[in-house]
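Notes follow the structure.
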Amino acid sequence: MLSEQSSSTKLGHSDNESTGAHKHGVGPPPLTDADLLEMYRTMVLSRTLDQRIWQMNRQGRAAIVASAQGHEAAQVGAIRALDPERDRFYIYYRELTTMLALGITPLELLLGFLAKEGEPLSGARQFPLHGAIDRDRRDIVSFSNVVATQLPQAVGVALADKMRGEQRVTVAYFGDGASSMGETHEAMNFASIHRLPIIFFCENNKYAISVPISQQMNIESIATRASAYGMPGIEVNGFDPVAVYEAVGAAANLALSGQGPTLVEAVVERFLPHTSDDDDTRYRPPEDLEGIRDLDPIPATEKILRASGTLDDALDEEIKSLAQKIVNQATEDAENAPFPEPQDFYEQVYAPGSPGDQS
Amino acid sequence: MLSEQSSSTKLGHSDNESTGAHKHGVGPPPLTDADLLEMYRTMVLSRTLDQRIWQMNRQGRAAIVASAQGHEAAQVGAIRALDPERDRFYIYYRELTTMLALGITPLELLLGFLAKEGEPLSGARQFPLHGAIDRDRRDIVSFSNVVATQLPQAVGVALADKMRGEQRVTVAYFGDGASSMGETHEAMNFASIHRLPIIFFCENNKYAISVPISQQMNIESIATRASAYGMPGIEVNGFDPVAVYEAVGAAANLALSGQGPTLVEAVVERFLPHTSDDDDTRYRPPEDLEGIRDLDPIPATEKILRASGTLDDALDEEIKSLAQKIVNQATEDAENAPFPEPQDFYEQVYAPGSPGDQS
Amino acid sequence: MAEMTVIEAVREALREEMVRDPVVFTMGEDIGARGGVFLATEGLLDQFGPERVIDTPLAEAAIGGIALGAAVNGMRPVAEIEFGDFIWPAVNQIIGEAARVRYGTQGRRTAPLVLRVPYGGGVRGGLFHSQSIEVAFSHQPGLKVVAPATPYDAKGLLKSAIRDDDPVIFFEHKRTYRLVKGDVPEGDYTIPIGKADVKRTGSDLTVVSYGLVLHYCLEAAATLAAEGIDVEVIDLRTLRPLDTDTVLESVRKTSKAMVVHEDTKAGGIGGEIAAVIAEEVFEDLDAPVKRVAGPEVPAMPFSPLLEAEFMPSAEKIAAEMRELAAY
Amino acid sequence: MAEMTVIEAVREALREEMVRDPVVFTMGEDIGARGGVFLATEGLLDQFGPERVIDTPLAEAAIGGIALGAAVNGMRPVAEIEFGDFIWPAVNQIIGEAARVRYGTQGRRTAPLVLRVPYGGGVRGGLFHSQSIEVAFSHQPGLKVVAPATPYDAKGLLKSAIRDDDPVIFFEHKRTYRLVKGDVPEGDYTIPIGKADVKRTGSDLTVVSYGLVLHYCLEAAATLAAEGIDVEVIDLRTLRPLDTDTVLESVRKTSKAMVVHEDTKAGGIGGEIAAVIAEEVFEDLDAPVKRVAGPEVPAMPFSPLLEAEFMPSAEKIAAEMRELAAY
Ligand SMILES: Cc1ncc(C[n+]2csc(CCOP(=O)(O)OP(=O)(O)O)c2C)c(N)n1
Ligand SMILES: Cc1ncc(C[n+]2csc(CCOP(=O)(O)OP(=O)(O)O)c2C)c(N)n1
Ligand SMILES: [Mg+2]
Ligand SMILES: [Mg+2]
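Residue numbers (our numbering), protein chains in the order written: chain E, 1 to 359; chain V, 360 to 718; chain S, 719 to 1045; chain D, 1046 to 1372.
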């Protein structure tokens, strides 16, 4: 069952075939049914939380929301192939499922969406999901909203690891829109020259806000761009968590064995408008949305789990009501939290005690 | 004889094979012996002038020189496939032969190298070969030293032509070094999406100042990058003027027939240091230089012309001594010209009479 | 006359100029079917088609460079940078290149492009959707920099910018887009670039400002009027070239000056204006030139109380005015 | 003590810091076998190998961004931008990103990187190899900006910059590289960032400057001394954060102030300093604060007489000093 799905992984062109993932053929260990069940739990939790946040925005209780709905399978599949304690994650704003899969709690995330005191990434100085998690817990960084800036930075992070001989994978997350930025080109080129331990993980949802992929590029697959840098490129169905797991696992093995970067493109769909500030009816035909909803990875995974006997009505009900309960409790706690006061407003501009420090 | 050489043209990968130059197969008309002879004259003149300028720099008479020695065949071959009166040329600093082939005179060029009054591109405000030629004469633009900035600009130029329905080709010149810049990526991507009438003409001399191609990219051929944008890419031996003529001619036909951009990579060698300020013995092994000197396109073309009976001793002597005479006269005239005085120093900051204008 | 918001005024100017002159076109991210993230270009795609309303890929360097190339080749592009915070990849093409085209070619080429840039905070934009970035551009000779505060000025100045033969960076404060309404004449009129506007006459002190906080200055001036202090408020409107004449004339009259902007203080536009005043009308000054500006933190935070701490307000400005008046 | 040029001092500082601390490394265009286009990194490749002396592709955004990422991950990169004029593609990563790392993560991540930037003119560099670009960076909270004028300061400040836990932009004036010589102690010493230096004490007027033109100011001051005018010359050394204390203390003493820089005037650093003086020691001033700066043209031209027209000189500065002294 599981291995069938991975047929949706396609290897892109590569000038440098000796580094191609398939040649090395070192995919990650096969997933067990229990693994997939856990991934399903995370996807259900993510969807539940995501729906709650969207609803809160619509009620004027959250300022801005970028939804991960439609991206859950890709995100959960990728993290499953990595080591949250070992690896480094340069995420972008659409990574709700990634954050949950890495162990960040719904309450912590909700504090971000409501800009409340105790928000663990930036103290609510920045947008939801932006900032960084304390390194001794998880190496997650995302302080910027500026699309593609994270890619050269992630390359620098991987370079530092390589210089020190640390065995870690850096994952740089980005969207199809980000692929058009010059910094993406510069980052990939450098990473391949120096064979850095990095995975460029593209979540291609075929839109940069309102601009469809056809107006963003004259090619069919972003993964094929890997050949421009002499690294392997893998296009994978991002609705298939197992296929993503396998692709990212193969890429991680290349990174850890000194064979350099891989571009993994997970093709997904954006179920909702770009953010809560967007109105996608201006540019997206409703039929388009209905068609893709039929492919929703969460019911699809549910079906697989049921077919393998891993999931039944009772367990599914338990998973979903637990998710609801967690999200309800987190909502209550987050709403009760205060907004941060400006007393530390001038802190962390410069190092404490250093010239310019006003704290 | 001539067609034999064109076998050095290699078509790069393309995602979008229907626009491949070979598929359309519309190369330019075959060159006659007389054509090749004229190209030879231009190459000889360029080399003679180039040697003079380098020598003048060594004598402290010219401030800075970037030599085109080694690039002559590529440059003359490209212009021969284009229409100097119709097309638009966004050059970079290593285009001495291009300028001569477009009809700019040795005196005009020398005025630039000596920063003298009457320099036609920028009034000696800018480096040699920088500025623009009056449009009613030639559409040559190159005001900037900043590598790769000309590529998005040239795309904008081609966009404007397309919007107005003008039948022209824009040629954007650049080096291997420029291929690493983000702006190159953004420019090519946009041009291909909009199928603009532009040729990206890369003179790959395998060095960006001192950085060898192996430290610039992990691929063998820059032309293969075309596939990342869904446009045709052609790699051609830049020591072979006829092969370059054919490649650029095919690209021009694609541009003029609405089929969009082409990336042409002419592989050349840089015979001298990066500029007169550089010392290439620090990074380039002398054997390397000797080997490539044996492939010098000027004696090679001479041999071809002699073999076809187009050139004999007398004519060759005439061509070379004429070039020498022209360059000597231009040198004398340029040295006698004064430096520009700062009386128009505040002019052309803003449009005449407009707010901010101080002239 | 019709009452309009700033965003409507911008849209009208753009539409009328595109009707008037076929070489005017617009390009940027999401400006087509989406109508721009702030709806500045709403309806233009339907009216002018995809050849003149170009949705670009997400690539600001290309937006700057392609607009520049098109301008050099006879068009008049009006390019939108989606948020001012994202303009940095384009500065190589704008500050580096566009500003030098005319000078570097002795006028053989020119760059009549307009870059429309929504900027500024108070919109819950956090560290990367709130920036004031105008000073980087207003330092560069060869560029013109415009920053209107009202619908009337926005329409008239955008038209002037589009007709101008030099590169113009046109800063639109995001918070004014829907907040600020005002009367705008139907049809064609222009407002000259390089001219400040005395938005309120007064005799006791001169306040120089622009953009959103200009309105806070007017509010504060009204408060102070009730207290018997008569404040003159000057709207710079153009940040390069600065209309120092209007500023100096006012300070000669009032003998006290204050500059107010949202951007952080050190190295901000306020420094330039304070310096010019201190240089040119030194003898007329009865008090040091005061600068009221954003705090020295890297950018405006997201959470509401933190954002409020950053933003100038009519109250904060009124307090500073009182202090200056009492000097 | 050894006499050294500025470029030698830079090289020594870099070499000593790389010996001292294994997390220090350097990257940039042509810095390896070529030793940098100005030879700042000559010999470092041989000494430290290609892992710590990295020749990058021609890609400034990557240089900025990769240095930033490496800094965030525990290294101390010293990246070279080949010429200041080519820094624009990197500002997205420096002004936009590096400056906000500490603030945007509440200090969970920091960016101890140094960007070494050769800048300035008088080297026949034309419109794109002569620029003064320091003001764009000195406006940004979160960055530190250093601009030494002497070999002694260059070495001590570069060491401080490398050891600093914040991003430091380190501006080296190209014309000083070989022109300016001075005694430099052997071995380790540092000069604190954020401290100006009184390079000449005097009682009649205060001149504030930095970089190449600081030397012209000293030359002019010597000329004026012969005429009986006693000029105090302050070398700012750090442009952010500004050492206003040293400047204000001097102006309190002399009551007359002048700021000199090579960069163009409007919106330059001189405006900020003049504004601070006019704000803080208004009552002590006997004359308007004078600014001597580059002309309002887009950049420095190539041809020798045109370049000379742009550049400040000891003579031009002396004339302005006389005028101020006579006020
Ligand atoms: C450099 C830059 N330009 C523009 C924006 C505004 N913007 C935010 S998200 C976005 C679209 C990103 O699309 P994509 O990379 O495909 O990610 P997605 O939102 O589809 O997941 C744009 C244009 C930005 N944040 N940064
Ligand atoms: C953006 C930018 N960075 C750096 C430089 C300095 N520089 C001038 S030419 C050059 C190398 C260019 O190499 P390439 O594109 O291969 O052209 P070539 O000189 O070999 O013909 C460099 C690094 C520059 N001019 N612009
Ligand atoms: Mg997308
Ligand atoms: Mg080269």
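C-beta: ideal position from N, C-alpha, C; glycine also.
All of these numbers come straight from a predicted model, not from anything done at the bench.
beta-carbon residue i near ligand 2 non-hydrogen atom, thresh 8 Å
i, result
"TYR449 (chain V)", "no"
"ASN563 (chain V)", "yes"
"ASP1075 (chain D)", "yes"
"HIS553 (chain V)", "no"
Check: residue i C-beta below 8 Å from any heavy atom of ligand 4
i, result
"GLY534 (chain V)", "yes"
"ARG629 (chain V)", "yes"
heavy atom of ligand 1 below 8 Å from residue i C-beta
i, result
"ASN145 (chain E)", "yes"
"MET398 (chain V)", "no"
"PHE1131 (chain D)", "no"
"GLU778 (chain S)", "yes"
"SER848 (chain S)", "no"
Local conformation of residue i per DSSP, three classes
i, result
"ARG1336 (chain D)", "strand"
"PHE1391 (chain D)", "No answer is possible for residue 1391 (chain D): the residues shown for chain D start at 1046 and end at 1372."
"GLU1142 (chain D)", "helix"
"ALA21 (chain E)", "Low local confidence applies: a pLDDT of 41 at ALA21 (chain E) is under 50, so the model's placement there is unreliable, with the coordinate-based value given in what follows. If DSSP states are grouped into helix, strand and coil, ALA21 (chain E) belongs with the helices."
"LYS1240 (chain D)", "coil"
"VAL977 (chain S)", "strand"
"GLU1025 (chain S)", "helix"
"PRO571 (chain V)", "strand"
"GLU330 (chain V)", "Residue 330 (chain V) lies beyond the range of chain V shown here (360 to 718); nothing can be said about it."
"GLN665 (chain V)", "Per the sequence shown, the amino acid found at residue 665 (chain V) is Arg instead of Gln. The answer is helix: DSSP assigns ARG665 (chain V) an H, G or I state."
"SER192 (chain E)", "helix"
"GLU119 (chain E)", "coil"
"VAL864 (chain S)", "strand"
"THR301 (chain E)", "helix"
With 16 other Cβ atoms within 10 Å as the buried cut-off, status of residue i
i, result
"PRO866 (chain S)", "buried"
"ALA21 (chain E)", "Reliability fails at ALA21 (chain E), whose pLDDT of 41 lies under 50, so the model's placement of it is uncertain and no value is given."
"ASN695 (chain V)", "exposed"
"SER878 (chain S)", "buried"
"GLU478 (chain V)", "buried"
"THR828 (chain S)", "buried"
Residue i Cβ short of 8 Å to ligand 3 heavy atom set
i, result
"TYR283 (chain E)", "no"
"ALA66 (chain E)", "no"
"ALA208 (chain E)", "yes"
Cβ-based contacts, 7 Å cut-off: residues of the stretch 1139 to 1167 of chain D near chain S: ILE1140, GLY1141, ALA1144, ARG1145, TYR1148 and GLY1149
Taking 8 Å as the cut-off, does the stretch 1069 to 1085 of chain D touch the stretch 1048 to 1059 of chain D (at least 3 CB pairs, one atom from each stretch)? yes
For the 8 Å Cβ check, are there 3 or more pairs between the stretch 994 to 1002 of chain S and the stretch 942 to 950 of chain S? no
Is there contact here, the stretch 1125 to 1135 of chain D with the stretch 806 to 818 of chain S, by at least three beta-carbon pairs under 8 Å? yes
Tell me, please, whether the stretch 504 to 517 of chain V touches the stretch 537 to 555 of chain V by the rule of three or more beta-carbon pairs shorter than 8 Å. yes
Specify whether the stretch 104 to 112 of chain E and the stretch 44 to 56 of chain E touch according to this definition: at least 3 beta carbon pairs, one from each stretch, less than 8 Å apart. yes
Determine contact between the stretch 475 to 493 of chain V and the stretch 821 to 834 of chain S, defined as no fewer than three beta-carbon pairs at a distance below 8 Å. yes
Quick test of the definition: if touching needs 3 or more C-beta pairs under 8 Å, does the stretch 431 to 448 of chain V touch the stretch 528 to 539 of chain V? yes
Using Cβ-Cβ distances below 9 Å, what residues of the stretch 1291 to 1309 of chain D are close to chain S? VAL1304, ASP1308 and THR1309
Are at least three pairs of beta-carbons, each pair with one atom in the stretch 1220 to 1227 of chain D and one in the stretch 1019 to 1026 of chain S, less than 8 Å apart? no
Would the stretch 1184 to 1192 of chain D and the stretch 323 to 335 of chain E be scored as touching if the rule is three or more Cβ pairs under 8 Å? no
Is it true that the stretch 530 to 546 of chain V meets the stretch 179 to 191 of chain E, where meeting means three or more beta-carbon pairs spaced less than 8 Å apart? yes
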